[in-house]
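Protein chains in written order, with my numbering: chain A, 8 to 621; chain B, 8 to 621; chain C, -9 to 328; chain D, -9 to 328.
The beta-carbon is built from N, C-alpha and C at its ideal position, and this holds for glycine as well.
No experiment lies behind these values; they were computed from the predicted model shown.
Working notes, structure below.
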Amino acid sequence: MDTTKQIRDMDDVVVRFAGDSGDGMQLIGDRFSSSSAHSGHDIATLPDYPSEIRAPAGTLAGVSAFQVNFSSRDIYTPGDAPDVLVAMNPAALKVHLNDLVRGGVIVANTAAFTGKNLKLAKYDSNPLEDGSLSGYHIYAVNMVEMVANATHNLNLKPKAIERCKNFFALGLLFWMYSHSKADTLKWLKKKFATKPELIEANIRAVNAGYNYGSTMRIFTTSYRVASAKLRQGKYRQVNGNLATVLGIVAAGLRMGREIFYGGYPITPASEIMHEFAAMKRYGVKMLQAEDEIAAVTAAIGASYAGNLACTATSGPGLALKSEALGLAIITELPMVVVDVQRGGPSTGLPTKPEQSDLNIAMYGRHGEAPMPVLCAFSPRDCFYAAYEASRIAVKYMTPVLLLTDGYLAQGAEPWRIPSEDELPEMDIEPVFGSEDFFPYARDEKTLARPWVSPGTPGKEHRIGGLEKEHIYGGVSHDPENHQFMTELRQNKVDGIALEIPPTEIFGDESDGLLILGWGGSYGAIREAVIRAREEGVKVSHVQVRYLDPLPPDLGDVLKRFNQVLIPETNMGQFRRVIQANYLMKPLGFNKVKGKPFRAEEIYEKIKEIAGEKS
Amino acid sequence: MDTTKQIRDMDDVVVRFAGDSGDGMQLIGDRFSSSSAHSGHDIATLPDYPSEIRAPAGTLAGVSAFQVNFSSRDIYTPGDAPDVLVAMNPAALKVHLNDLVRGGVIVANTAAFTGKNLKLAKYDSNPLEDGSLSGYHIYAVNMVEMVANATHNLNLKPKAIERCKNFFALGLLFWMYSHSKADTLKWLKKKFATKPELIEANIRAVNAGYNYGSTMRIFTTSYRVASAKLRQGKYRQVNGNLATVLGIVAAGLRMGREIFYGGYPITPASEIMHEFAAMKRYGVKMLQAEDEIAAVTAAIGASYAGNLACTATSGPGLALKSEALGLAIITELPMVVVDVQRGGPSTGLPTKPEQSDLNIAMYGRHGEAPMPVLCAFSPRDCFYAAYEASRIAVKYMTPVLLLTDGYLAQGAEPWRIPSEDELPEMDIEPVFGSEDFFPYARDEKTLARPWVSPGTPGKEHRIGGLEKEHIYGGVSHDPENHQFMTELRQNKVDGIALEIPPTEIFGDESDGLLILGWGGSYGAIREAVIRAREEGVKVSHVQVRYLDPLPPDLGDVLKRFNQVLIPETNMGQFRRVIQANYLMKPLGFNKVKGKPFRAEEIYEKIKEIAGEKS
Amino acid sequence: MIDIQSLDLTKKDFVTENEVRWCPGCGDYGILSSIQKTFASLGEKKENFAVISGIGCSSRFPYYMDTYGIHGIHGRAIPIATGVKLANPALSVWVITGDGDGISIGGNHFIHAMRRNVDVNVVLFNNRIYGLTKGQLSPTSELGKITKSSPFGSIDAPFNPATLALGAGAPFVARSLDRNMKHMSEMIRRAYQHFGATFIEVYQNCVIFNDGAFNNITDKETKDDFSLMLEHKKPMIFGKESSKGIHLDGNIPRAVEIGKDYSIDDILVHDETDSVISLILGEFTYRPDMPTPFGVIRAVDTKPYCKYMLDQIAEVKQKQGEGTLETLLSSGDTWEIK
Amino acid sequence: MIDIQSLDLTKKDFVTENEVRWCPGCGDYGILSSIQKTFASLGEKKENFAVISGIGCSSRFPYYMDTYGIHGIHGRAIPIATGVKLANPALSVWVITGDGDGISIGGNHFIHAMRRNVDVNVVLFNNRIYGLTKGQLSPTSELGKITKSSPFGSIDAPFNPATLALGAGAPFVARSLDRNMKHMSEMIRRAYQHFGATFIEVYQNCVIFNDGAFNNITDKETKDDFSLMLEHKKPMIFGKESSKGIHLDGNIPRAVEIGKDYSIDDILVHDETDSVISLILGEFTYRPDMPTPFGVIRAVDTKPYCKYMLDQIAEVKQKQGEGTLETLLSSGDTWEIK
Ligand SMILES: Cc1ncc(C[n+]2csc(CCOP(=O)(O)OP(=O)(O)O)c2C)c(N)n1
Ligand SMILES: Cc1ncc(C[n+]2csc(CCOP(=O)(O)OP(=O)(O)O)c2C)c(N)n1
Ligand code: SF4
Ligand code: SF4
Ligand SMILES: [Mg+2]
Ligand SMILES: [Mg+2]
């Protein structure tokens, strides 16, 4: 049958599945991504939940969506704007239509476009019929009826039939993009192993969707996205939260340390706790503490007792941990503190990403309390960032703050699983000091102090939050010692800069415009810069992983360019850091809308700046 | 009798009383200051307690001291180095000798220079006798014996006699500096009203000291410090903590608001709580909360309910309040948060002052969470700073952070009590918005929203930590609204700058060196600058009260000078703020020794810089 | 103080424009409705209510109550409410909180409010789960429970909130159920009338993450056997046929059949003011051999915090005289410079 | 596990070089001495002790114990200790805290550790005042008490720490006295031997800010009449001549004279495992008509948190196989690109 269709080759496609919270959009989104990934595309995905747990069915607040970008090239983001919108009900159409590219495809489930649902979605008339969508390609199908027909001899209740409609949509999309159904059929068999009637129903729904595409005349074309030239290897999908956990557990295994996680639920960091909780076979000890303060102080205790300790949270929780971080700093205990940033201030926009915790990460502690601050660029990069944060923590005996955000946390990408020897080495040398044991003895290079766990005979010692005497570690009120130790703590953090690799510049090494980013804006900036460069704009890109200390060559790099633009989803926090450090005034591009940058926005900004120049 | 003594006139004198914790040094220090102040000197005082509650008698750790600077001129600090050291025991001598000016006077109580005490003070031989003090004028008196003689017919127990020795020392100092005893004799009668035998014993001790001075040949000279040309008026002594409380209560009375204080004890801020607790006749409601989070959130609740709310703490407590401040910011409720800074990080040096909480004050909250930050210059200035903080809080509907420090908190000065109409006006206009009541309506000028207390009929409304819809105040996830409100909150704080008076420059209006200070370094800087200017050095002084927003003219002022020096008792936190704002690189003068700057140090630094230049 | 006649409030007066956004079927709806109805009937002016919450599904409550209110931050509803009440003691201040908000992160404020006897009314919606963050353990989740944060079963023994409150010295402790709106209403009224801190634990069904947690006390067949409806000065009888009761065997409480070995006279009589009885009752929760007590577990009159505070201020004013700006600034030791 | 013979520890082994810096006469000295002595006698290796504290006079304790230790931050000793214990369950972990550190700012951690039954031993030095910050109210200060923060008398009703612990579900609760070193030592030993969370409240005299707070139970003349020394399975007898006892009148406990209307058989027999008895005993504090109970108020065996944790890890390892870097990275759905 498929032979009759016209096949058009495309570089990449963005599909957004949208429907009611109960319509199973996350599920088919995930299936579609998986089949794309398995067939060798580079992909990036992003779920978009409603902030309510279960908003009333059919309402605008209840719409749940999942976006997949799949491509024959390297891609960096889940895509700015969908090429295809699957709208399972009027509310889904209403909420997401604005994002659809002009001339894009709408696949709509007409069964849900009832009077009641149209009203709930605040439509006066049926948009599928009133001509208001004339700029788009509309494929309107009564998916429920189709499934009913395909399953008529299975004796399913109407509710059960209704439930399969998402797999009809999935089948249809498989056809449209020449994806194989095989994986999904296998998956269904495993998933519903104990419920054979559901296997059959859903398989029929997938097939019905697929066949509908191939037999109906309305679909004149299907598309094919070639496989990406991905590096050879074994792949899996990870989102940022999972990758963070994998990075820390890998580091712990690598350095032969047991892992302790102290956590407290908070959106969008909770999943980190869930993943740690599931890591029992790796011996991970996880405490769901009574609050964030208990979580971080338990981590401090565990660190003292020799575990690789971690705690993760989001803004409000980081604020609560602030006092305890001072203790970790003065006791010089290793620990990884992850902050999955979300919209602030206060409870703010808890389900939306933002990069507005840089200030508190760098400066949010009383007294002189320096600690290294790192950030991750992409969902899979969270693995490497977390692994590196663990390495620095233990090597330098210091708590380390790792910034991710809600966008990275939930976004997923395929990740080529590194082999053991591809992982950076854990170049940590235990510090012994002189013959006698002194808890505040120093490694000359790293300034790390010894990490000796309770239970070790003969090395009993006490540490604490009062200023410590150099070497000996006793309480000291001596003015000169306080000056010395304050400087030492600063020098230790500053010293990490010596290890930071030279700044990688994407594009030209100097002149023109430099886009300087940090954290999760990486993908959008990179895409925009690639596009602008393809059009001949002289623009380069640097993304900073090490926020404190900054890369030692960064100041020189910045000064080599004519202009520097810093896009941030905050009011300019990193820009101020750059200003204070290099006494230069970069341009700011600041957006505080509870959304990550789209590549398009940055591209436009580049063009605007380039235009002004020319 | 007194007629035989030689009287030498002096401009100012610094006396330090030092002894064991149990020797009553704070008491006679206070008496001496009081008599100095009452006789028209300008004075400044500073207690210096041991960090233990009661260290063992006679030990170095147990020494307690009190310093008084009294002068015929305006003075700015309790003095760098004492001219006179009263040492009641060997430990006191040991601890404080280093500070004494070369050639200074030591008044020692020989009764305490026993073998045991010398050993406790780690002296190998008696310094009063071994010639090691040859550079000083030593007046060694067996004060206990003297008191015993003076009270022999009172039948006192040895312990009681011993207890009076501090008043002997006081009497002697009164004679040396030609102070009147009258006030103190009156005070003793009141203080011991119920214990007449103590009145008599102490009066005899004072007189014995006084007479000893006038009759003994060893005192060839006594000194006289003329009255200062202080402004006419009624005076009282205040330390920084008391002045802070007075400022807030005065503001509350002035604006007709009841006052709520939520606190939790912490050195050196506890006294603020004690003072508020004593203010019941002003209707002050004070809650000693279970922790700092409860203290600040109770203040938020009280503010919502219409009270002028305040909470005070020190570094570790400020860190704990960080999350709640975000709530105060997004709900736009007025509140004064006082941070009495001490040495950090963590518990750090809890009894020592430091200026290292500027970072957390300005940047220590998650999300974009701007709030005004002010600081106080001197103990008595705490009154005006706290009063101003209250005014800004209510006028703009915002929490305000006021930074003082342990040095200001405990230091005392005479304060000319302002009359009611000398106090700044409370130029606060209630915001009503349009006809209908909307909780997030705006005053056009200040951007303040209405402050309507529960209990007001017809204006029921809810506020909270989720992003708020402009005007209406409902929860809003709208991206544009979040951008708008984030900017609005920033603009509101920035807008305060319009009210900041032009920067006062002490010295030349441009050229040469500018010393830029903030907070408690005021006195030391001003003294140093005066001295250097007297010697012809081209140096000026600006002290900044408003740290966020900064005075709008500050950038211009700074650029008018050849060099800017920023002395701070931290690693350069304000310097970074200046760098980030004005893209210039001031010199830093940073000291982190748990001590405030001495005028001398700054003076030397000025000379050093001036020397380099010439 | 109260002029019931003149206030013509109905439930509607307490409904806001905000669309209620709990999951369909959530137990919170019933509680909201009970509270709105009861508030209207108390004879208290609408503007005198302040409803304060923290963060959680339950804590969205203030948005749906047309009174004054604060949707606070996680765990801090009680101190915020304390501030509101102390600032304006004339208000009727209510805290709506969840098992996570109220006794996980907010546990300290909870016990301190109870000991201080601060005059706020705390209503804790106990669904034994974290709803808003999508299904983690709460401090009232049972041992062994599988949740997102305990995929292999919980190893954290739970609190019994009533006992916790009693241990902290709470003067008023009650328990009710989302579904039993009449009972709920009665508890709210009792709390309103009680002078001082009150605590009502409400068992609330979370249909999404912990559905059926309270089935044994909501299912028609089992509920009478598993619930003990307390009434002051009445014997503690329960069971479908009211044939069972609580007997104190020395100091050990037992559920017994009335009629066989025990007569009605052997059954413990409830006394809200008896601290031992309340402690015994508190302990029943999570015990499979005992029914769950509902109603007022303890109600003792002790002087509340606000009263102490106002009395003390009045006394000091009496003694020292009402303070003015003049007395404030000129207090302490002063002197004149001429 | 323990080989007492081979360890030749004495009190001295637990003394550090640090000069002890409490006020002369402070009750803390006696407690320090008891604990040093007792630790030496437990048969536990010195390096296996970890002593964790918060901030306060009492919290300086770890500096004087030559063991592993952390002087933490205010109120957080318990979660720090929890982390230490979970990271290394072989350690004997002790928390030293004060009434402010432990149950004012640290109250939440305290109740949660008790409910979770985390295997740490909490020793709370209750001097009913804030010592280190020089004399403010603590949550155990009596109503009406004049302190720096309550110049007109406290209006905050105090906690009863033992009852609070019991209300939170503590499996082991005891009380002792700074001066009674033998008793103190016995309680420390009992706590050490108890498997799970333990709580010992120690009445401690602060000579500077609250001297004599416990006079009635330390003064020779009065102490026997005001203290009730508990012994498991023994009747609750007290008084100078051992002539008084606790009688349970229905459910109301009373102090009665033995001999007249009551015989020894009417006297309540202590049972550490009986939860009602422990609750009744807890309540006696601050009651003028009742003696203050000392000794083990409750001791019940329940599976502690660490055991649950280790068991669960072992079970999962058993089922899923011990994890490696390889299994970690390649978990979940994987595919090959060639
Ligand atoms: C400081 C902080 N930590 C964590 C969170 C995340 N959070 C929001 S609600 C909640 C728990 C809600 O549980 P519960 O109080 O039982 O309310 P429910 O949703 O079950 O009604 C958590 C952990 C937060 N908002 N703030
Ligand atoms: C976050 C924080 N808040 C407040 C303090 C100040 N502080 C130190 S100890 C203490 C109370 C001590 O009382 P308690 O625990 O009873 O110990 P004690 O000194 O009586 O032994 C306080 C409030 C602090 N160090 N940190
Ligand atoms: S998640 Fe549970 S508690 Fe929250 S609204 Fe839904 S049903 Fe109610
Ligand atoms: S202040 Fe009190 S508790 Fe603290 S050391 Fe002195 S006597 Fe002991
Ligand atoms: Mg809950
Ligand atoms: Mg105490």
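- For B:P574, the enclosing beta strand (DSSP E) begins and ends at 570 to 575.
- Note on geometry: alpha-carbon atoms of C:R179 and D:R180 lie some 47 Å from one another.
- Bounds of the beta strand (DSSP E) holding C:P243 are 242 to 247.
- Taking the C-beta atoms as reference points, C:R169 is found no nearer than 9 Å to C:G285.
- In this structure, the straight-line span from the alpha carbon of B:H468 to that of C:V85 is close to 16 Å.
- In the DSSP assignment, A:L140 falls outside any alpha helix (DSSP H) and carries neither an H nor an E.
- Distance check between A:Y217 and each of A:A331, A:W182, A:M578 places A:W182 closest, using alpha-carbon atoms only.
- Secondary structure in the stretch 178 to 260 of chain B: the beta strand (DSSP E) runs of 3 residues or longer, each lying completely within the stretch, are 228 to 232, 240 to 246 in chain order.
- The stretch 177 to 222 of chain D contains, as complete beta strand (DSSP E) runs of 3+ residues, the segments 188 to 193, 217 to 219 (chain order).
- Around the beta carbon of B:R398, 16 or more other beta carbons sit within 10 angstroms, so the residue counts as buried.
- DSSP lists no bridge partner for A:Y479.
- A direct Cα-Cα distance of roughly 55 Å separates B:E615 from D:S23.
- Every unbroken stretch of the beta strand (DSSP E) spanning 3 or more residues and falling wholly within the stretch 541 to 601 of chain B is given here in chain order: 546 to 551, 553 to 555, 570 to 575, 594 to 597.
- Neighbourhood of ligand 4, defined by CB distance below 5 Å to any of its heavy atoms: B:I60, D:W12, D:C13, D:C16, D:C47, D:G121, D:C196, D:V197, D:I198, in chain order.
- Relative to the Cα of B:P461, the nearest Cα in the group C:A80, C:I25, C:G159 belongs to C:A80.
- Not one beta carbon of chain C lies nearer than 9 Å to the beta carbon of D:S253.
- The stretch 107 to 117 of chain D and the stretch 195 to 210 of chain D touch, with no fewer than 3 CB-CB distances between them shorter than 8 Å.
- Looking only at B:Y143, B:A25, B:R109, B:Y130, the smallest Cα-Cα distance to B:Q74 is reached by B:A25.
- Secondary structure at B:V114: strand, using DSSP grouped into helix, strand and coil.
- Only those residues of the stretch 86 to 118 of chain D whose C-beta falls short of 9 Å from the nearest C-beta of chain C are listed: I93, S94, I95, G96, G97, N98, H99, F100, I101, H102, R105, R106, N107.
- Contact note: A:Q497 reaches chain B through M578, using a C-beta cutoff of 9 Å and chain order.
- Going by DSSP, B:K101 is part of no beta strand (DSSP E) but of the alpha helix (DSSP H) stretching over 97 to 103.
- Per DSSP, the unbroken alpha helix (DSSP H) holding A:M32 starts and ends at 32 to 45.
- For A:S46, same chain residues with a beta-carbon under 7 Å away, outside a window of 5 residues either side, are H186, S187, S234 in chain order.
- If you check the C-beta of D:F115 against ligand 2, you find a heavy atom less than 8 Å away.
- Here B:E420 carries a strand assignment [DSSP, helix/strand/coil].
- DSSP places A:I273 in no alpha helix (DSSP H); its state is neither H nor E.
- With a cut-off of 8 Å, the C-beta of C:P243 is classified as distant from ligand 2, since no heavy atom of the ligand falls inside that distance.
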